[in-house]
Amino acid sequence: MTETNKNPNLLEDALRKALRPEEAPEGFALKVLARAQQQNSAAQEAQRTSWLSMFSQPFVRWAALAAVSICLVIGGVHYRNLQRQRAEGEAAKQQLMLALRIAGSKLQLAKEKVNEINTSRPEPQPQNRSPRSRS
Amino acid sequence: MPARPLADSAPDIASADFADLVRRYQSMVFSIAQHFLTETAAAEELAQDVFLQLHATLSTLKSEEHVKFWLRKVTAHRCIDYQRRRKLPQVSLDEAPEPMSPAQSSDPLVARRLQQFVASLPEKPRLIVILRYQEDMLPEDIATVLAMPVATVKSHLQRSLALLRDKVTRTMGEVTI
């Protein structure tokens, strides 16, 4: 009869020793992380490719083309409106500046006239008090 | 051990956490595969595949306990799949070569012989023995991992131990292990 038969726990202890966890091979973790990184890149690439492959369907292609065309037309109209508003604003500004210039020159003219009148008028004589006031 | 949360935002676990998990459990996963397949290269490849699968599904795992359970389960199932796919030659207990001389208790060959005997067990009993004696798992936990009744696990364990004891007795003689 062997020792293991005498004590069944001996076999179990021996199994625990024999099946003790072993160290993973050197660089194992680095290899896993590198492969995980590759997996991420591949997944991203696949996602990108699947996004592009959507346009291989004629309906999607035409829909995309129509959407782009509509966007371009709306954008063009909006841009034209913006340009027109800007041009109108610029013209109004020019008119205002002209009006201000005219008003300024008129004011200057009026000021000169007033000055001329003031210089040509004789100095007013000082008035004596009337004799009646004395009595 | 209380379940440790992986991260506050579990669905978006950082890659640093994954690296930490790999370093912490690489020995466990590799050893299960190594003891099951007895081929270092195949065990390493299988263990890497297990961790890559973990990387892809990490966001669904809630705690570190859950990760550990998941790793054991996936490793066990992958071991069986690998063996079936590759149809690795399985040496029966009776066909395992006899040692040249009776082994000594301190002899590392004893451990190697035991590993060979375990490797010659059928798939399920082999996994059960590995999970029981490598991972110190209770039959109830093994039953959960392998999705089988506890009674079946216990029965496999008893039969495997009996087979191994018989083989040890026949091949190693009066060895004190």
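Same order as they appear, the protein sequences are chains A and B. So for the first sequence, my numbering puts the first residue at 57; every next one is plus one. So for the second sequence, my numbering puts the first residue at 26; every next one is plus one. Even glycine gets a Cβ: it sits at the ideal position worked out from N, Cα and C.
According to the DSSP assignment, glycine 83 of chain A belongs to no alpha helix (DSSP H), since it is labelled neither H nor E.
Sequence-distant Cβ neighbours of leucine 128 of chain A in its own chain, meaning closer than 7 Å and more than five residues away, do not exist here. In the DSSP assignment, leucine 163 of chain A falls within the unbroken alpha helix (DSSP H) covering 114 to 176. Of all residues in the segment 80 to 93 of chain A, those with a C-beta nearer than 8 Å to a C-beta of chain B are Ala80, Pro81, Phe84, Ala85, Lys87, Val88, Leu89, Arg91, Ala92, reading in chain order. The three-state secondary structure of serine 180 of chain B, taken from DSSP, is helix. The beta carbon of glutamate 165 of chain B sits closer than 7 Å to those of Val175, all from its chain and outside the five residues before and after it, given in chain order. At a cut-off of 8 Å between beta-carbon atoms, glutamine 95 of chain A makes contact with chain B. For proline 150 of chain B, the uninterrupted alpha helix (DSSP H) segment begins and ends at 148 to 158. Serine 88 of chain B carries a strand assignment under DSSP once its states are collapsed to helix, strand and coil. If only uninterrupted alpha helix (DSSP H) runs of at least 4 residues are considered, those enclosed by the segment 47 to 112 of chain B are 65 to 82, 89 to 111.
Identification of residues in the segment 144 to 167 of chain B having a C-beta nearer than 9 Å to some C-beta of chain A yields Val154, Ile155, Arg157, Tyr158, Gln159, Glu160, Asp161, given in sequence order. In the displayed model, serine 145 of chain B falls within coil according to three-state DSSP, outside both helix and strand.
Around the beta carbon of methionine 53 of chain B, 16 or more other beta carbons lie within 10 angstroms, which makes this residue buried. DSSP, reduced to helix, strand and coil, places leucine 189 of chain B within a helical segment of the structure shown. Between the segment 104 to 115 of chain A and the segment 76 to 90 of chain B, the count of Cβ pairs shorter than 8 Å is below three; the stretches do not touch. Taking 8 Å as the upper bound on Cβ-Cβ separation, chain A lies near residues Gln59, His60, Thr65, Glu69, Ala72, Gln73 of the segment 57 to 75 of chain B. The DSSP-derived three-state label of proline 77 of chain A is coil.
About 7 Å separates the beta carbons of alanine 101 of chain B and leucine 156 of chain B, which is inside the 8 Å limit, making them a contact pair.
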